[in-house]
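A.B. asks:
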Amino acid sequence: MQTSNHLIFVCCILLMISACDTKQTSVAETPMLRLVRTMVVTAPAELEWQEFPGVVDAAQTAEIGFRVAGKLAQLLVNEGDHVNANQLLAKLDDTDFRIQVKSRQAEYQQAHADFERAQKLVQSGAISRSDYTKLEAQNATAEAALSAARQNLTYTELRAPFAGIMARRHVNNFEEVSAFQPVYTVHDISSLAVKVDIPERVMINADRNNAPQVSARFDTIPGLDFPLEIREITTTANTGSNTYQVTFSMPRADGYNILPGMSVTLRALSDSDRQAGRDEFFVPAQAVLETGDGRHVFIAKPLQEGTASVERRVVKTGRLTSSGLSILDGLSVGDRVIIAGMSRMYPGLKVRLGEE
């Protein structure tokens, strides 16, 4: 009986050892899957606009003043007033100018009468040809002096050179002003200009044959862009800043009181970036590998329970930016690109998907 119990005990021990060996063999036959990190390709990347600070200016600006000196008699418009072309803006005291016209008119009448008499006398030989020539010159001089006096009288009125808005008044009424001294500054805001200083690093890559897409954006008008067109480019750098001033034309915006001097942000997108950005995606540069047959990425094709099968995909790459390396061909929306854990990877390998 004791021998039988001993045999039963030995059999139990052997069965336990066998079970442990079977379990270890099962674990060994299920190797740990490699963990990879992925990113899902979404819609084409948003294009990267370059932004530069600028300032709004009037399409035309003029500092205007009288062409003759005198005492201001009337200032007819104030700062901020809208004016029409040729509208009367200010007047000088014209008393002295009217007196001058009358004086010159009397002188001309006398000179002209003397000249008419000389025309008759020279034909009869009553006066010499030289005396006739002298009276002829005096008549012409008096006529020119009268014309100048009348012209100066018209200069006592200051009129708007174009339709616009009165930006600034430089003088007060009843002041003595000199000829061409600024009295008003007038802005033509039927259209506007945007002036921007562009760094040399941008200017050196500018292509005149492929004009960039440009627009203006105001902080106080969020979400609204105003189209611009290049009007003028300076070719001399600003001293100290190595920037080049570029002037853009901007149509008048209905419903918004955009005025010269306001701050604006210029947004620019080059033609090459615009073309490239239509179908490109961005992935981390380290996700793109290069072998003898070109560049490729590894795609994780999901299976089940957080696992995936590896697929090798040849891609065409583009520019390298702060957003990553652009992929122009080879990827589609929804592809899961492996971006970490690519060492010793090959097609068909089964992997575990980590958090994105």
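Basically our numbering = 1-based index in the sequence shown + 193.
Cβ atoms here follow ideal geometry from the backbone N, Cα and C, with glycine treated the same way.
Determine the burial state of GLU272: buried for a count of at least 16 other Cβ atoms within 10 Å of its Cβ, exposed for fewer.
C.D. replies: exposed
A.B. asks: Who are the Cβ neighbours of PHE290 in its own chain at under 6 Å, not counting the five residues just before and after it?
C.D. replies: ASN345, LEU346, THR349
A.B. asks: If we ignore side chains and look at the alpha-carbon of each, how far apart do SER296 and LEU351 end up?
C.D. replies: If I take the Cα positions, the gap works out to 24 Å.
A.B. asks: Can you find the residues in the same chain that come closer than 7 Å, C-beta to C-beta, to GLN374, ignoring five residues on each side of it along the sequence?
C.D. replies: GLY258
A.B. asks: For ASP390, I'd like the list of residues in its chain whose CB is within less than 6 Å of its CB, leaving aside the five on either flank, ordered along the chain.
C.D. replies: Hits under 6 Å: THR436, GLN438.
A.B. asks: Here's the rule: buried if 16 or more other CB atoms are within 10 angstroms of the residue's CB, otherwise exposed. What is THR215?
C.D. replies: Reliability fails at THR215, whose pLDDT of 47 lies under 50, so the model's placement of it is uncertain and no value is given.
A.B. asks: Suppose contacts are defined by Cβ-Cβ distances below 8 Å. Is ALA251 in contact with ALA386 by that definition?
C.D. replies: yes
A.B. asks: Start and end of the alpha helix (DSSP H) containing ARG343?
C.D. replies: Counting along the chain, the unbroken alpha helix (DSSP H) around ARG343 starts and ends at 322 to 347.
A.B. asks: Output the distance between the C-alpha atoms of GLU504 and ASP528, rounded to the nearest integer angstrom.
C.D. replies: Roughly 11 Å separates the two Cα atoms.
A.B. asks: Whose C-beta lies closer than 8 Å to the C-beta of SER384 among residues of the same chain, with five residues either side of it excluded?
C.D. replies: ALA252, SER442, MET443, PRO444, ARG445
A.B. asks: Is the separation between the beta-carbon of GLY534 and that of VAL229 shorter than 8 Å?
C.D. replies: yes
A.B. asks: Could you name the residues that DSSP lists as bridge partners for THR231?
C.D. replies: ILE531
A.B. asks: Between LYS494 and LEU524, what straight-line distance do the alpha-carbon atoms span, to the nearest angstrom?
C.D. replies: 13 Å
A.B. asks: Classify ASP381 as buried or exposed, calling it buried when 16 or more other Cβ atoms lie within 10 Å of its own Cβ.
C.D. replies: Answer is buried; the Cβ neighbour count reaches 16.
A.B. asks: Could you check what DSSP says for ASP274 in three-state terms: helix, strand or coil?
C.D. replies: coil
A.B. asks: Out of TYR449, THR500, ARG512, ALA278, which has the shortest C-alpha to C-alpha gap to ALA478?
C.D. replies: ARG512
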